[in-house]
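Participant:
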Amino acid sequence: MTTEVLKWKEEYSVGLHSVDKQHQRFLEIINLLGRYIAEKNYKEKGHQIFFTLLHFADEYLLKEKMLVNSLNELDYSFFREKHNEFIEKLKYFKDNYAENRSEQVFIDLYNYLKQMYPEYLAHYTPTLIKILKENGIS
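Under numbering that gives the first Met the number 0, residues 0 to 137 are what the sequence shown spells out, in order.
1) For Arg-34, which of helix, strand or coil comes out of DSSP?
2) Buried or exposed for Phe-25, going by 16 or more other Cβ atoms inside 10 Å?
3) Report all residues from its chain with a CB closer than 8 Å to the CB of Leu-120; omit the five preceding and five following residues, and keep chain order.
4) Counting only the same chain and skipping the five closest in sequence on each side, list residues whose C-beta sits under 6 Å from that of Val-4.
5) Are there three or more Cβ pairs, one per stretch, closer than 8 Å when the stretch 100-120 is compared with the stretch 38-46?
6) Quick test of your reading: Leu-32 and Tyr-109, contact by CB under 8 Å. State the CB separation rounded to the nearest angstrom.
7) Using a Cβ-Cβ cutoff of less than 8 Å, which residues in the same chain neighbour Lys-132 once the five nearest sequence positions on both sides are dropped?
8) Straight-line CA distance for Glu-9 to Phe-92?
9) Residue range of the alpha helix (DSSP H) that Tyr-116 falls in?
10) Under three-state DSSP, which class holds Leu-61?
11) Kindly list the residues whose CB is nearer than 8 Å to the CB of Val-18, restricted to its own chain and excluding five residues on each side of it in sequence; keep chain order.
12) Have a look at Asp-107 and Met-65 and give me their C-alpha separation to the nearest angstrom.
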């Protein structure tokens, strides 16, 4: 399977350096997974990609949760639900791979991550960005 390199586009920017930096790191991880698939070395790198994804998700989501909990005007329930869905989906792929060591698991994971990335960016509405900026997030 050939994979495309996902490049950061200015249209992905939410205007907050710290958030954009995390989103750029997420694109790097998706591209790393794509490279493993293209090079057919997913068997050697499988555990590494799951560790990287789960670590990234834990760190990113923890930072976001701490931030949102400090802002009274934000309702975190939507993000918490989306984050839980994301973590559960990653665990599903990890468990599925542990069971059958299939390349298809990585292809499905890659396609899932590519699809969900723009959907996740869409949650950074102008209102949310304004609130974050007003509370010192840059």
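Virtual Cβ for every residue (Gly too), placed ideally from N, Cα, C. Because the structure is a prediction, the values reported are computed rather than measured.
Facilitator: Reading from the atomic positions:
1) On the sequence shown, position 35 is the one that residue 34 refers to. Three-state DSSP puts Arg-34 in a helix.
2) What you label residue 25 is simply residue 26 of the sequence shown in a count that begins at 1. By the neighbour-count rule (16 or more Cβ atoms within 10 Å), Phe-25 is buried.
3) The residue you call residue 120 lines up with position 121 of the sequence shown. Once the five neighbours on either side are set aside, the close Cβ partners of Leu-120 are Tyr-11, Val-13, His-22.
4) In the sequence shown, residue 4 corresponds to position 5, counting from 1. The answer, listed in chain order, is Asn-30.
5) By the Cβ test, the stretch 100-120 is in contact with the stretch 38-46, since at least three Cβ pairs between them sit closer than 8 Å.
6) Counted from its first residue, the sequence shown places residue 32 at position 33. Counted from its first residue, the sequence shown places residue 109 at position 110. Right, the Cβ-Cβ distance comes to about 5 Å (below 8 Å), so this counts as a contact.
7) For the purposes of this step, residue 132 is taken as the residue at position 133 of the sequence shown. Closer than 8 Å at Cβ, skipping near neighbours: Gly-14, Leu-15.
8) To locate residue 9, count along the sequence shown from 1; it is residue 10. To locate residue 92, count along the sequence shown from 1; it is residue 93. Going from the Cα of Glu-9 to the Cα of Phe-92 covers about 30 Å.
9) On the sequence shown, position 117 is the one that residue 116 refers to. Run containing Tyr-116: 102-120, per the alpha helix (DSSP H) assignment.
10) Position 62 of the sequence shown holds residue 61. Of the three classes helix, strand and coil, the one that applies to Leu-61 here is helix, per DSSP.
11) The count along the sequence shown starts at 1 and reaches residue 18 at position 19. Cβ within range, chain order: Tyr-123, Leu-131, Ile-136.
12) The count along the sequence shown starts at 1 and reaches residue 107 at position 108. The count along the sequence shown starts at 1 and reaches residue 65 at position 66. Looking at the two C-alpha atoms, the distance is approximately 31 Å.
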